[in-house]
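Undergrad: Top line first, the protein sequences correspond to chains S and U.
Take 1 as the starting number for the first sequence in the working numbering and just add one per residue.
Take 1 as the starting number for the second sequence in the working numbering and just add one per residue.
Number of protein chains: 2
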Amino acid sequence: MSRPSRREDLIESALTLFNANGFHAVGIDRILSEGGLAKMTLYRHFPSKDALILGVLEAREKSVNGWFAGILAASYPDGEARLLAVFDGLESWFENRSPLGPFYGCLFVKASAEFPQPGNTIHQAALEAKLAFVEMVAEAAAQEGFKKPRLLAREVSILKEGAIVMAHIQGTSAPASDARKAAKSLLATWPRKN
Amino acid sequence: MSRPSRREDLIESALTLFNANGFHAVGIDRILSEGGLAKMTLYRHFPSKDALILGVLEAREKSVNGWFAGILAASYPDGEARLLAVFDGLESWFENRSPLGPFYGCLFVKASAEFPQPGNTIHQAALEAKLAFVEMVAEAAAQEGFKKPRLLAREVSILKEGAIVMAHIQGTSAPASDARKAAKSLLATWPRKN
DNA sequence: AGCAAACAAGACCGATCTGTATCTTTTGAA
DNA sequence: TTCAAAAGATACAGATCGGTCTTGTTTGCT
Numbered sequence: 001m002s003r004p005s006r007r008e009d010l011i012e013s014a015l016t017l018f019n020a021n022g023f024h025a026v027g028i029d030r031i032l033s034e035g036g037l038a039k040m041t042l043y044r045h046f047p048s049k050d051a052l053i054l055g056v057l058e059a060r061e062k063s064v065n066g067w068f069a070g071i072l073a074a075s076y077p078d079g080e081a082r083l084l085a086v087f088d089g090l091e092s093w094f095e096n097r098s099p100l101g102p103f104y105g106c107l108f109v110k111a112s113a114e115f116p117q118p119g120n121t122i123h124q125a126a127l128e129a130k131l132a133f134v135e136m137v138a139e140a141a142a143q144e145g146f147k148k149p150r151l152l153a154r155e156v157s158i159l160k161e162g163a164i165v166m167a168h169i170q171g172t173s174a175p176a177s178d179a180r181k182a183a184k185s186l187l188a189t190w191p192r193k194n
Numbered sequence: 001m002s003r004p005s006r007r008e009d010l011i012e013s014a015l016t017l018f019n020a021n022g023f024h025a026v027g028i029d030r031i032l033s034e035g036g037l038a039k040m041t042l043y044r045h046f047p048s049k050d051a052l053i054l055g056v057l058e059a060r061e062k063s064v065n066g067w068f069a070g071i072l073a074a075s076y077p078d079g080e081a082r083l084l085a086v087f088d089g090l091e092s093w094f095e096n097r098s099p100l101g102p103f104y105g106c107l108f109v110k111a112s113a114e115f116p117q118p119g120n121t122i123h124q125a126a127l128e129a130k131l132a133f134v135e136m137v138a139e140a141a142a143q144e145g146f147k148k149p150r151l152l153a154r155e156v157s158i159l160k161e162g163a164i165v166m167a168h169i170q171g172t173s174a175p176a177s178d179a180r181k182a183a184k185s186l187l188a189t190w191p192r193k194n
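(1) Provide the residue(s) that pair with S/R206 in DSSP beta bridges, ordered along the chain.
(2) Measuring straight from C-alpha to C-alpha, what distance separates S/L84 and S/P149?
(3) So S/I158 contacts chain U; which residues on that side make the cut at Cβ distance below 7 Å?
(4) Please confirm if the stretch 109 to 119 of chain S is in contact with the stretch 171 to 186 of chain S, defined as three or more CB-CB distances below 8 Å between the two stretches.
(5) Using the beta-carbon count (16 or more within 10 Å), is S/R82 buried or exposed?
(6) Alpha carbon to alpha carbon, how far is S/G171 from U/L131?
(7) Strictly under 8 Å for the Cβ-Cβ distance: is S/I122 near chain U by that measure?
(8) Please name the residue in S/E61, S/F133, S/L127 whose C-alpha comes closest to that of S/L100.
(9) Compare the C-beta of U/V137 with all C-beta atoms of chain S and state if any pair is closer than 8 Å.
(10) Helix, strand or coil: how does DSSP classify U/S48 here?
(11) Is the stretch 86 to 97 of chain U close to the stretch 153 to 168 of chain U, with three or more CB pairs under 8 Å?
(12) Within 10 angstroms of the Cβ of S/K110, are there 16 or more other Cβ atoms? Answer buried if so, exposed if not.
(13) Which one of S/L187, S/G27, S/G36, S/L17 has the shortest CA to CA distance from S/G145?
(14) Per DSSP, what kind of secondary structure is U/M1 in: helix, strand or coil?
(15) Assign U/A38 to one of three DSSP states: helix, strand, or coil.
(16) Quick check: what's the CA-CA separation for U/A25 versus U/A73?
(17) Along chain U, in chain order, which residues have C-beta atoms closer than 8 Å to that of S/V109?
(18) What is the C-beta distance between U/A59 and U/L15, in whole angstroms, given that I count them as a contact (C-beta under 8 Å)?
(19) How far does the alpha helix (DSSP H) with U/R82 in it reach, from first residue to last?
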């Protein structure tokens with residue numbers, strides 16, 4: 001009942017609380033008490049709270065980007081439908097119908113907001129997670145024969161991030177369909193090979 | 001040297017520090033020492049730190065939305081150019097050439113990230129600032145004869161928010177031109193009256 | 001069964017937080 | 001010029017922060 005188990009418990013408890021309350025607003029004691037964990041257990045697995053935050057971001061990157069990867073990897077009638085599926089995924093996320101848990105905005109945006117200095121390690125971890133998503137979309141766009149797939153991926157990602165921010169601030173899932181419409185218009189005129 | 005002067009000094013010092021470091025990470029003592037202000041001066045003008053944060057957000061809403069209002073109110077060859085000017089403004093903001101000061105992401109996004117609960121007063125203040133921007137764009141779009149101006153305003157706003165988030169996380173201004181290209185594609189096929 | 005590592009629980013430390021109180025100096029208007 | 005309000009400076013209180021240490025119990029492996 002030890003090896004990776006306690007470490008995962010720490011990350012799970014921290015992830016839940018960070019998501020719902022932010023990083024600075026959540027103290028170590030609360031993470032531990034709500035997880036039924038001891039303080040020395042935390043400091044056996046992580047040298048500091050910042051290291052725990054990095055561990056949480058790393059785990060979150062795998063689950064979030066893994067979820068989107070699964071969406072992009074499904075089969076669709078055409079390339080347009082494949083990329084638009086991202087926004088259907090967003091809507092299910094916003095409406096708490098996704099495996100990502102209750103929606104309180106994007107944890108990486110939260111991290112870059114609470115650690116705004118570009119050189120900060122946590123800020124950079126958030127950046128890497130976002131770049132990995134853009135790369136995923138770029139590969140899907142390239143496979144579907146879209147020209148300038150990286151530019152398309154960046155524009156789609158901007159729509160995705162904007163929808164996440166607006167959905168969180170407003171507390172509604174409506175931005176998902178707004179962003180989807182914009183993406184559809186974008187894809188309708190985007191040049192393709194063949 | 002008193003009336004609204006000290007209150008403005010408090011807000012200015014707090015705004016600078018909140019922008020660069022976030023809300024929870026900045027203590028009252030630092031706001032006061034860097035502003036050359038006394039503690040009782042703060043609590044004479046604001047009942048609490050949260051009230052100061054609300055004051056800062058209110059002031060920021062005026063300056064940011066006022067700046068965008070000026071951009072939208074200028075004269076342009078056509079409606080497309082008017083709405084696209086928002087993204088030229090974004091680029092100057094990201095590159096620290098705007099009157100909004102050094103760019104550390106959007107303060108309202110930061111606020112909604114650090115106070116993620118929808119019912120929170122600070123969260124709601126951030127929401128109002130964002131809704132005011134959408135309304136501004138909707139009015140401009142309507143005046144330019146775009147059909148469904150509110151939907152267009154929401155899609156443009158999503159592009160704007162996404163560009164802000166990506167620019168802050170990446171530390172580059174490139175998302176401004178990416179979002180501008182997407183907006184241009186959007187406007188090119190958007191139905192208009194007349 | 002036995003043993004060393006991991007764990008829960010909680011006392012403890014110094015630093016820092018928000019907010020209050022005290023005292024002296026400065027300000028602005030009659 | 002006088003005087004009350006405002007402001008600067010600083011000490012202080014109580015709570016909470018991240019992090020260390022100790023004690024006794026449980027776990028997993030041989």
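Heads up, the beta-carbon is just placed ideally off N, CA and C, and yes, glycines get one too.
TA: To lay it out plainly:
(1) Past the edges of chain S, shown from 1 to 194, lies residue 206 of chain S, and the structure says nothing about it.
(2) Here the question's residue 84 of chain S lines up with position 84 in the first sequence. Here the question's residue 149 of chain S lines up with position 149 in the first sequence. The straight-line gap from Cα to Cα measures roughly 15 Å.
(3) Here residue 158 of chain S corresponds to residue number 158 of the first sequence, with the count starting at 1. Those are L159, G162, A163, M166, P175, D178, A179, A182, listed as they occur along chain U.
(4) no
(5) Reading the first sequence from its first residue, position 82 is the one you call residue 82 of chain S. By the neighbour-count rule (16 or more Cβ atoms within 10 Å), S/R82 is buried.
(6) To locate residue 171 of chain S, count along the first sequence from 1; it is residue 171. To locate residue 131 of chain U, count along the second sequence from 1; it is residue 131. In a straight line, the C-alpha of S/G171 is about 12 Å away from that of U/L131.
(7) Along the first sequence, read from residue 1 onward, the residue named residue 122 of chain S stands at position 122. No, S/I122 does not count as interfacial toward chain U.
(8) In the first sequence, counting from the first residue as 1, residue 100 of chain S sits at position 100. Nearest C-alpha to S/L100: S/E61.
(9) For this step, residue 137 of chain U is matched to residue 137 along the second sequence. No, U/V137 lies away from the interface with chain S (no Cβ there is under 8 Å from its Cβ).
(10) Within the second sequence, numbered from 1, the residue matching residue 48 of chain U stands at position 48. If DSSP states are grouped into helix, strand and coil, U/S48 belongs with coil.
(11) yes
(12) Counting from one through the first sequence, the residue named residue 110 of chain S turns up at place 110. That one is buried.
(13) Taking the first sequence and counting its residues from 1, one reaches residue 145 of chain S at position 145. Closest by alpha carbon: S/L187.
(14) By 1-based counting over the second sequence, the position of residue 1 of chain U is 1. Residue placement at U/M1 is poorly supported in this model, since its pLDDT is 49, which falls under 50; the coordinates still yield a value, given next. The answer is coil: DSSP assigns U/M1 none of H, G, I, E or B.
(15) Within the second sequence, the letter at position 38 stands for residue 38 of chain U. Note: U/A38 maps to coil in three-state DSSP.
(16) The sequence position of residue 25 of chain U within the second sequence is 25, counting from 1. The sequence position of residue 73 of chain U within the second sequence is 73, counting from 1. Rounded to whole angstroms, U/A25 to U/A73 spans 37 Å at the Cα level.
(17) Looking up residue 109 of chain S in the first sequence gives position 109. The contacting residues are V109, A113, V165, I169.
(18) Along the second sequence, one-based indexing puts residue 59 of chain U at 59. Along the second sequence, one-based indexing puts residue 15 of chain U at 15. Correct: roughly 7 Å between the Cβ atoms.
(19) Position 82 of the second sequence, counted from the first residue, corresponds to residue 82 of chain U. Looking at the DSSP string, the run of the alpha helix (DSSP H) that includes U/R82 is 79 to 94.
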